[in-house]
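Since the structure comes first, as structure tokens, the remarks are kept for the end.
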Amino acid sequence: CTHIANGVGWYYSDSYSWGFVSGGDNVTRNHYDSASTNAIYRLCWHTKNDGGYRYGSTTLLNNNTSWEKVIYHAN
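This is the structure:
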């Protein structure tokens, strides 16, 4: 379920989560990516009710209100 574009791995699931990993790193997924390899290069957000699981090595962010999601887009 991991795709690679421009050296970045990414994954998406309507039912669980979406996120990014370093290059070809494996993604350990249940409802979120719990892998620890290159943790600082990982991002995982839930696609349903909770906020997000991880930003790098910081995990369990599901209901944490100290963080906000920001998406930048370029043409």
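If you want this note's numbering, it's the position in the sequence shown, counting the first as 1, plus 184.
All C-beta atoms in this analysis are idealised placements derived from N, C-alpha and C, irrespective of residue type, glycine included.
Just so it is clear, the structure is predicted and the values come from calculations on it, not from any experiment.
Taking the beta strand (DSSP E) that residue i falls in, what are its first and last residues?
i: Arg-238; result: 236-239
i: His-257; result: His-257 -> no beta strand (DSSP E), and no H or E assigned at all.
i: Val-205; result: 201-206
So residue i and residue j are in contact, right, with Cβ under 8 Å, and what is the actual spacing, rounded?
i: Gly-203; j: Tyr-195; result: 6 Å
i: Tyr-237; j: Leu-245; result: 6 Å
i: Arg-226; j: Asp-217; result: 6 Å
Return yes when the Cβ of residue j is within less than 7 Å of the Cβ of residue i, no when it is not.
i: Ser-250; j: Ile-224; result: no
i: Cys-228; j: Ser-199; result: no
i: Thr-186; j: Val-211; result: yes
i: Asn-222; j: Ser-206; result: yes
From the DSSP output, read off the bridge partner residues of residue i.
i: Ile-188; result: Gly-193
i: His-230; result: Ser-201
Please report whether the beta-carbon of residue i lies at a distance below 7 Å from any beta-carbon of chain D.
i: Arg-226; result: Note that chain D does not occur in the displayed structure, where there is just one protein chain.
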